[in-house]
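In my numbering, the protein residues as written are 48 to 381. Read the structure below first, then the notes.
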């Protein structure tokens, strides 16, 4: 599926969201103090989330991480039964590597848990600027390794582990797959990235960055430059590293099957499409679902943009279907 400029108009809910943000004095990321940004995303996620579904149980705990205790939240769709083995989702939240956490994406994880019938382990990875690259990347891999290592105690089938994330979390999905390949495991059965930023450079080789990065569609060139400064110690050297910008990895041979969710008005849409193309060229099964009439954060703000709830249900259903039949959904524009 190719990307076509402005495949369809912005949907009415997305346009209303953008208008509301502008009317409320929406500012670029680099103009907002760090703690205000973090409080703001938490508040927006709470106000704009869809209904939160019930799951059987949740548990907050700490696991061993490369920087010390690593908080996770475990969601269970049913009681832990001795000998039973459920599929698992390791989930990485979005937020530009400096925002977000377990609470901002709680409703997303509940929907995935219930819809996929899987144990979801949400990872509260370390954030920049307090913890710059590679802290988040290493935390993501450590969480995957812990889930695989503790699969028996968690009631998880180690052969059915998916990694899922949105935005920066979608980037961590890909870096976790690259590290698992490089380090000889653990085995990942499925990767699902929702509008990932696969390049933290200006990404000028991607037409959608130029076409959509002017600031009219939630994220902008200025935001990407800010993310680089916040996330990286030496942006000029580190920005092209595959574990920072995984679209520049030499190859993707041996990576797990992939589902890519993109948004037609997201500056990152072309790099998502490029990733799918390159996976296929390297013999990796991959599918792309493009929500053509919406923008970057729609997946999180499903209470005000119906496409977000649709995408959450699609991802949950795709995970369930893949672990049942091994099939990915076909490419589609929605």
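Don't be surprised by glycine CBs; every beta carbon is placed ideally from N, CA and C.
Distance CB(residue i)-CB(residue j) smaller than 8 Å
i	j	result
residue 103	residue 125	yes
residue 151	residue 187	no
residue 338	residue 381	yes
residue 255	residue 181	no
residue 106	residue 121	yes
residue 347	residue 213	yes
residue 198	residue 234	no
residue 232	residue 132	no
residue 286	residue 275	yes
residue 209	residue 236	yes
residue 115	residue 189	no
residue 293	residue 245	yes
residue 372	residue 75	no
residue 261	residue 242	no
residue 58	residue 99	no
residue 228	residue 301	yes
residue 307	residue 335	yes
Option in the options with minimal Cα separation from residue i
i	options	result
residue 358	64, 65, 97 and 84	97
residue 171	221, 118 and 356	118
residue 175	273, 189 and 305	273
residue 399	277, 379 and 135	The question about residue 399 has no answer here: the residues shown for the chain are numbered 48 through 381.
residue 215	56, 232 and 239	239
residue 177	189, 317, 279 and 290	279
residue 304	242, 271 and 376	376
residue 84	282, 139 and 145	145
residue 200	158, 130 and 156	130
residue 353	323, 95, 55 and 334	95
residue 81	66, 301 and 142	142
residue 93	321, 149, 55 and 374	149
residue 221	269, 158, 139 and 271	139
residue 281	333, 322, 204 and 179	179
residue 67	55, 91, 328 and 271	91
residue 333	108, 297 and 378	378
residue 219	329, 63 and 173	173
residue 127	204, 109 and 270	204
residue 271	249, 69 and 72	249
residue 361	155, 69, 64 and 110	155
Residues sharing a beta bridge with residue i, DSSP
i	result
residue 213	241
residue 235	According to DSSP, residue 235 bridges with nothing at all.
residue 261	267
residue 334	306
residue 346	In the DSSP output, where bridge partners are listed per residue, residue 346 has none listed.
residue 137	168 and 210
residue 380	337
Expected contact under 8 Å - CB spacing of residue i and residue j to nearest Å
i	j	result
residue 165	residue 331	The pair is not a contact, with the Cβ atoms about 22 Å apart (cut-off 8 Å).
residue 137	residue 168	5 Å
residue 299	residue 326	5 Å
residue 162	residue 88	Not confirmed; about 24 Å, so no contact.
residue 258	residue 251	With a Cβ gap of about 11 Å, residue 258 and residue 251 do not count as contacting.
residue 247	residue 291	6 Å
residue 350	residue 61	Not really, about 13 Å apart at Cβ, beyond 8 Å.
residue 363	residue 342	That belief does not hold up - the Cβ atoms of residue 363 and residue 342 are roughly 22 Å apart, past 8 Å.
residue 253	residue 317	4 Å
residue 370	residue 355	Contact doesn't hold; Cβ gap of about 23 Å is too wide.
Min CB distance residue i to chain B below 8 Å
i	result
residue 136	You won't find chain B in this structure, because it holds only one protein chain.
Can you list, in chain order, the stretches of the alpha helix (DSSP H) that have 4 or more residues and sit fully within the region 71-133? 81-95
Extract the residue ranges of the alpha helix (DSSP H) inside the region 267-331, only unbroken runs of 4 or more that lie entirely within it. 268-278, 282-285 and 316-328
What are the complete alpha helix (DSSP H) segments, minimum 4 residues, inside the region 154-223? 182-196 and 198-201
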